[in-house]
Each structure stands twice: as structure tokens, then as C-alpha cells.
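For reference, the structure is listed below as C-alpha cells.
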Amino acid sequence: MNVTLVLLIVLFAVLAVIGVPLALALGLSTFVSLALTTDMLLVVIAQKVQLGADSYLMMAVPLFILAANIMNYSGVTERIFRFARAIVGSMPGALGHANVVASVVFAGISGSAIADSASLGNIEIKSMEDQGYPTEYAAAITVASATIGPIFPPSIPLVIYAGIASVSVGKLFMGGVVPGLIIALALMVLNHILSVENKYPRDERMTPRQIWDCFRESFLPILSPAIILFGITFGWFTPTEAAAVIVLYAFILGFFVYKELKLSYLPRIFKETMMTTGIVMFIVAAANAFSYVLTICKLGNVLTDMAAAMPNAITFIIVVNILLLILGMFMESTAILIVITPVLVPVAQAMGIDLVYFGVMMVLNLMIGLATPPFGMGLFTVSQVAKLPVEKTVKAILPFIPVLLVVLLMIIFMPALVTWLPSIVM
């Protein structure tokens, strides 16, 4: 194996284990491995870092983050949760069901699992605690339902994958709809079983008038994913333009419809957006340089040769999923996606695998990593929101992991669940 490649992987592993921030670990391992083992001009690293973030498509990322923050400060989050409660009624485990439904709706605004966990989590967990649910159960179902965010359109990880793999964002967004709904249904079935078994409380039944009021108040935010999907599908605007349209739409809702957004909130909104964007784009930029070293070390060729020795494409897909599940337990999903997509996509193409299906499958797998011990980022985010030791959240999340894995297996062995809708609509 190439000395540069070995040094790159070893250095990155050591830096990650000792707690160096992920973007720095990626950047330092790239710089040191090239400096010590090659004669390459190190300015190339700076160029690759800059090119990693310099993308018209990537402009959609901060815009989607900004739109979600604007809606959070406009009272949209509370309206979405009230609407979700109205839909599920008073069935057993109603607030758990509402948690899942709210995640589906909010996914159409934020496109991020962490944003879902942080924004909805506070409202959902407090409401469930007030109704008598154990805090750890409320936290666990919040983490599990947050995995829907990056699957259901719009999705920041799918935008990143599209930029790397040169795949239609619209097809990826359409491809994520059915898997996202399947995850929601599966989580609601499990929630029902656990709620009946543990005698979790029912919610109060709403009157038809209350249900109508909840729907009316949340209808305009619910239109967000429809605006994005139809706009991209019918060629009205590009994904980046769609993100800009949603930002404008969020401002209109906040200032003129709900009238809860104030000018004094804007500095805080922009600050939070810049901080989140900075973290994401720093990882994107450093991971691009890291991925470049993997490419020049011909890791893709090695994987292609290994894949050629496999009996069929499904074997390759299973191996990839096992690798992603392991990486997802220890690394941030965005970094994994950026590092590994340029290596795996050519191999998948050579084996005749549909890249829309491959992208949705990869993102779903990595989202399971957010909820998987020991280092799933969603576990730590929600534990902090719930003011709960992470160990309790880890214990409570365990029944949800097999359900998410079953959905992943369905996607692996039934690609039509991803490709059917894009093939009809686009």
C-alpha cells in the first residue's frame, strides 16, 4: 500500500482519537502526509481546500440553514409541533407520533438532522415530559426521528453528494421522499408498541375546530418542501435559487404573516447561520483536500479491482454499507460523505449502480450513524437539549436502531423505493 496513504490514514485516526476537531484532523493529516512523503508543492493543498468550498451548488447550504433559523425565530417550530399533535389525535403514544410527524414537516424546512434535533427537540422533549413520558424516551425518539431530516427534501447532505457525484439534485430530493416516509412509519409503529407496553399517556383529543386552526397556522410553512420540489422539478429555479426563494419566503412569513420576527433578531439569526455554515464548510473544504490525496494514491483503483472480484453489485453495496455504519459511529457524516463519495462513485458507476439510489442509500446509512453509540452526534445534541446524561439517551435509543437498520435493508434490496418517484416525475 502507498506510504502516503498509510501515513494519511494513521495520522487522521490518531488526531481524531485524541479529540482534535474534525476539520483540523483532516487538514493536518493531509498536509503532513504530503509534506513528508512527496515532492508536491503544498500550495496544491490550499487550492484543493479553496475549491472544496467554492461551488455554486454549495451556496445552497448556508441559504437552507438561514431559512431554518429565520423560521425558528418566527414561531414556525411551535406551529409545526401543534399541527403534528392535531394529526395524531389521542392514540397511544400520541406525543411520540407527533414527534415523528413534526420531524417530517420540519425536514422540509431545515434539511439537517442536527437542526431538527436542536430546534424541535426542546419543544418536543418538554411537551413529552409534561405529559409523563420518561425524559430518556423523549430524547431517544427525538434522535431517531431527526434522521428523517437529511433524507426528506430539502437535504443538505444530498446537495453535497450531488455536487461531488454530478447527480441531479431534483432526482435526489425526489428519491428521498419514499424512504423518508418509510422511516417515519416504522418509527411510529415502534412508538405505538412501546407506548402500549409501557402504558405511556395519550394526548388530549382536539376538537375539529382546534385541528383546523392548527392546520391553518402551519399550512404556509408546510408548503416549503413543495415549493422546492416543484420549482426544481419543473425547471423554475436551480437548487441554489430554490434555497434563496425559501429564505425570502421565510422572511415574508416571519415579518408579514406571523409578525413574530423582529429586526432585533436578525443579528442573532445571521450569527447562528454563519457559525453553523462555518463549521460545515470548514469540514467540506478540508475533506476535499483529504479526498484528493486518496485519489492521487489511487485508492479508487484499488477499490475498483476489489469490487471486480466480488460476485455481484449487491455484495459491493453490502460491504459499502458495513463500512459506512462503522465510520458513522465515530465520524461526522458530512466529512465521511465528502471523503468517500469521490472514491466510491466511480466504482458504483462501473458496476452499473444507479447513482441516485446510491446517494440516498449512503445518506440514510450515515444518518443512522448520528443515532448510533458511542459517538453519534445526534445523541450528544439531544442529551444536551434534554439536560440528560448521554448514557441514558444511549440506552433508550437501542430499540430504535434495529428499526432504522431494517429500513436501510429495505432500501438496499429494493432500489425502486428510491428510483420510482424520480422516474415518474422527472
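As numbered in our numbering, the sequence shown has no gaps in its residue numbers, which increase by one up to the final residue, 941. We put the beta carbon where it would ideally sit given N, CA and C, even for glycine.
Use the C-beta contact count for residue i: other C-beta atoms within 10 angstroms, 16 or more gives buried, fewer gives exposed.
i    : result
N880 : buried
G867 : exposed
N614 : buried
A659 : buried
F915 : buried
R597 : buried
D569 : exposed
Y571 : exposed
R724 : exposed
I679 : buried
L744 : buried
E719 : exposed
N836 : buried
P917 : exposed
N713 : exposed
A528 : exposed
G778 : The sequence as given places Leu at residue 778; Gly does not occur at that position. By the 10 Å Cβ count, L778 comes out exposed.
M790 : exposed
I886 : The residue you asked about is not Ile; residue 886 is Ala in the sequence shown. So A886 counts as buried.
M643 : buried
A599 : buried
A931 : exposed
A699 : buried
When the distance is taken between beta carbons, is residue j closer than 7 Å to residue i?
i    : j    : result
L936 : V693 : yes
Y773 : S589 : yes
G843 : G815 : no
A804 : V564 : yes
V922 : I697 : yes
I666 : G691 : yes
I472 : V620 : It is not possible to answer for residue 472, since the shown part of the chain is limited to 516 through 941.
L578 : S548 : no
A540 : L551 : no
A946 : I912 : The first residue shown for the chain is 516 and the last is 941, placing residue 946 beyond what the model contains.
V905 : F890 : no
I927 : I832 : yes
T788 : I580 : yes
G664 : A617 : no
F730 : A538 : no
V711 : P826 : no
S733 : I595 : yes
L776 : F785 : no
Taking residue i as the reference, which of the options has the closest Cα?
i    : options                   : result
L735 : I747, I767 and T722       : I767
K907 : P649, V603 and C812       : P649
F688 : A601, L522, G874 and E719 : G874
V682 : A758, P665 and Q864       : Q864
I638 : T753, A701, E593 and G691 : E593
I533 : F845, K786 and T887       : F845
E847 : P782, V559 and P536       : P536
T755 : A575, L520, I829 and P889 : A575
G567 : V603, V795 and P930       : V795
M573 : V835, V674, A561 and D645 : V674
V760 : F928, I585, V559 and I927 : I585
V518 : L840, Y780, C812 and S733 : C812
V900 : A609, E651, G647 and G604 : E651
P888 : Y872, A931 and I841       : I841
L903 : P669, A599 and I640       : I640
G647 : G611, G636, P669 and L635 : G611
Y715 : A653, V684, N587 and D728 : A653
T856 : I829, A824 and Y807       : Y807
V704 : V603, T792 and L781       : V603
Y780 : M821, N587, T553 and L838 : N587
At the 7 Å Cβ level, is residue i part of the contact set with chain C, yes or no?
i    : result
L520 : Annotation note: the requested chain C is absent from the structure, which comprises a single protein chain.
Contact defined as beta carbons within less than 8 Å: I believe residue i pairs with residue j. What is the distance between those atoms, to the nearest angstrom?
i    : j    : result
M877 : Y676 : 7 Å
M892 : T662 : Not really, about 11 Å apart at Cβ, beyond 8 Å.
T849 : V799 : 7 Å
A582 : V854 : Not confirmed; about 27 Å, so no contact.
L870 : V860 : 6 Å
A757 : G750 : Between G750 and A757 the Cβ distance is about 11 Å, and since that is not below 8 Å, they are no contact.
M941 : K686 : 6 Å
V858 : L809 : 6 Å
L556 : F546 : About 12 Å separates the two Cβ atoms, so there is no contact after all.
R783 : A609 : At roughly 33 Å, the Cβ-Cβ gap does not stay under 8 Å, so R783 and A609 are not in contact.
S544 : L526 : 4 Å
V897 : T657 : 5 Å
For the ligand COA, any of its heavy atoms closer than 6 Å to the Cβ of residue i?
i    : result
N713 : Annotation note on the ligand COA: not contained in the displayed structure, which lists no ligands.
### Message
Which runs of the alpha helix (DSSP H) at least 4 residues long sit entirely within the segment 800 to 826? Give them in chain order.
### Response
814 to 823
### Task
With a floor of 4 residues, list each alpha helix (DSSP H) that falls wholly inside the segment 820 to 874, ordered by position along the chain.
828 to 843 and 848 to 865
### Complete runs of the alpha helix (DSSP H) confined to the segment 882 to 919 [at least 4 residues]
892 to 901 and 905 to 912
### Query
In the segment 722 to 772, which residue ranges form an unbroken alpha helix (DSSP H) of at least 4 residues, counting only runs that do not cross its ends?
723 to 748 and 754 to 767
### Task
Only counting runs of 3 or more residues, tell me where the beta strand (DSSP E) segments fall wholly within the segment 586 to 613, in order along the chain.
none
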